[in-house]
Amino acid sequence: MPATTPPASATGTAATATAVPAAGRASAVLAWCVAAAHPFALFAGVQAGPYRSTELRLFLTAVGVGLLLPLARRRPEAALGLLLVGLFAAATTWPSPELLYLPVLAADVGVGWLAARRPLRVAVPAALLTLAVQIGAATYTTSGQNVFVTTAVALALALLTAALLGRSVRERRTHAAELRARTAAEAVTAERLRIARELHDVIAHSIGVIAIQAGVGRRVIDTQPAEARNALATIETTSRETLAGLRRTLGALRASAKDGPAHASDHGPAPRDPAPGLADLDRLTASTADAGVRVEVRHLGDPDRPLPPEVDLAAYRIVQESLTNVVRHASAPACRVTVDRSADALLVEITDDGPADAPAAPAAPSTPVGDGYGIVGMRERAALLGGRFSAGPRPGGGFHVTAVLPLPLPLPQAQAQAQAQARTQTLSTPETPGAPETPGAPETPGAPRAPRTSEAPGTPVAPRTPRPEAPEGTRAP
């Protein structure tokens, strides 16, 4: 039986996964080996003695410090420890202040790097140990108590500055990470609210209609089979429409979560049904009428004016949720829907008179309607479009919902409105009181009227026109 050969892609993936840890271990071993040469390079620079040039000794010292860089990226604590060992050994072997400046500066940088990458419980002991080693090395390179105290204070201030800078970098990184996490959490919460709002708008109305029709069918199935069949037909139609709307909503939410066109075929084709709008009010009112509530729809303004898709969908959802509340909570026999399309806004208003057998008394403003999620969703929809929303009991009984959604002005109409405003501002300029018009002066039709001077001698010129007076008997221009 022939052996099964694994696919080439699987073999390549396994080889890559094995090579990555191996390469990491090799680089770690190499970093430790290079760092272990630091004390020897620093010792060579010190042992060069005063008979060698200062440039050569500084070069050897810099090479010794540079050998610690690969290890500092992986293990900053170990790199700082090796640096301190080399610093103290150089100070005690051949005291040379000019050669110790570079290791001391490197130690300060190492403390700052450690403070930026490690918590305080690691950074503080490392800083104290570094300061102790630096002060101990200063005892071999300074003479006199005053010089030693000055050197110790300078070393402490430099080390404190480096540690504070590193701590500041760490705090900024932590704050940035917290902001990113908070932004991600807010995005998740907003997405959950959007999904909940969409599902509520799609399902709540249909479930209310189905529940009412099911109750009607159960009561009349024995006495009025025809009515029961009509109720079942309504339940079937509403269920199918709800299922289609739910699929469309889930498809839209799934499509909005995709990163790009590369994922277009991950979950099947995109939904082809258009999003509902005010053009579907007839079907919505018909299903509401099947639930026992008559709906009167009035269209004002220009009914043929096209609406932006987001405004059309938001208006439809507001009407749908309002009718759902009427069916489920108001017990009203009828309600009214008004859709007014003006030049710059779309007004949607839904009102009902409350139960037919209830006394006309104003309801308390704090009376809740259902669980309140529907009103919250309607208010959020209006706010997202920069509109206004209000809902509450009516003074004479019943409930009202009003939403005003802004509409963009068409370009020609916007230009005409701007010109009209400019013309109105020009015509509203006050004229000089007591200055009659000059007879016989032709006027351009539609042009703004300019202030004129008087023909009578001695009449002063209007103070807001700084021009000389016209001579008597002459006509002002």
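Going by the numbering used here, the letters in the sequence shown line up with residues -3 to 473, in that order. Where a beta carbon is used, it is the ideal one built from N, C-alpha and C, also for glycine. Owing to the predicted nature of the structure, the values given are computational and were not obtained by experimental measurement.
Would DSSP call Ile217 helix, strand or coil?
coil
Proximal residues to Ser318 (C-beta, below 7 Å), its chain only, five neighbours per side dropped:
Ile346 and Val397
Backbone secondary structure at Asp336 - three-state DSSP
strand
So what does DSSP say about Thr138, is it helix, strand or coil?
Coil at Thr138, not helix or strand.
Taking all protein chains shown into account, decide if His295 is buried (16 or more other Cβ within 10 angstroms of its Cβ) or exposed.
exposed
Where the alpha helix (DSSP H) containing Asp308 begins and where it ends:
Pro305 to Asn321
Residue environment, Ser338, which counts as buried when at least 16 other CB atoms sit within 10 Å
exposed
Give every residue of the same chain whose Cβ lies closer than 6 Å to the Cβ of Arg324, excluding the five residues on either side of it in the sequence, and list them in chain order.
Excluding residues within five positions, the ones whose Cβ falls inside 6 Å are Gly204.
As a quick exercise: from Ala158, Leu116, Thr89 and Arg114, pick the residue whose alpha carbon is nearest that of Val100.
For the residues Ala158, Leu116, Thr89 and Arg114, the minimum Cα distance to Val100 belongs to Ala158.
Taking the CB atoms as reference points, tell me whether Ala328 and Leu401 lie closer together than 8 Å.
no
Assign Val143 to one of three DSSP states: helix, strand, or coil.
helix
8 Å contact criterion, which Ala119 and Ala111 should meet: CB distance rounded
4 Å
Segment limits, beta strand (DSSP E) that includes Val344:
Judged by DSSP secondary structure, Val344 falls within the beta strand (DSSP E) whose first and last residues are Ala341 to Asp348.
How many angstroms separate the CA atom of Asp286 from the CA atom of Asp300?
28 Å
Give the secondary structure of Leu296 by DSSP, where H, G and I count as helix, E and B as strand, and everything else as coil.
strand
From the DSSP output, in three-state form, read off Val289 for me.
Coil at Val289, not helix or strand.
Own chain residues within Cβ distance below 7 Å of Ala134, not counting five before or after:
Phe144, Thr147, Ala148 and Leu151, listed in sequence order.
Measuring alpha carbon to alpha carbon, tell me which residue in Arg21, Leu54 and Phe55 is nearest Leu67.
When each option's Cα is compared against that of Leu67, the closest is Arg21.
Cβ shell of Ile131 (< 7 Å), same chain only, five flanking positions each side left out:
Contacts found: Ala148 and Leu151.
Provide the residue(s) that pair with Gly388 in DSSP beta bridges, ordered along the chain.
His396
Could you check whether Asp336 and Gly297 sit closer than 8 Å to each other, using their CB atoms as the reference points?
yes
Extent of the continuous alpha helix (DSSP H) run through Ala86
Pro72 to Thr89
Top-ranked residue by Cα proximity to Pro305, from Val59, Leu124, Ala326 and Pro272
Pro272
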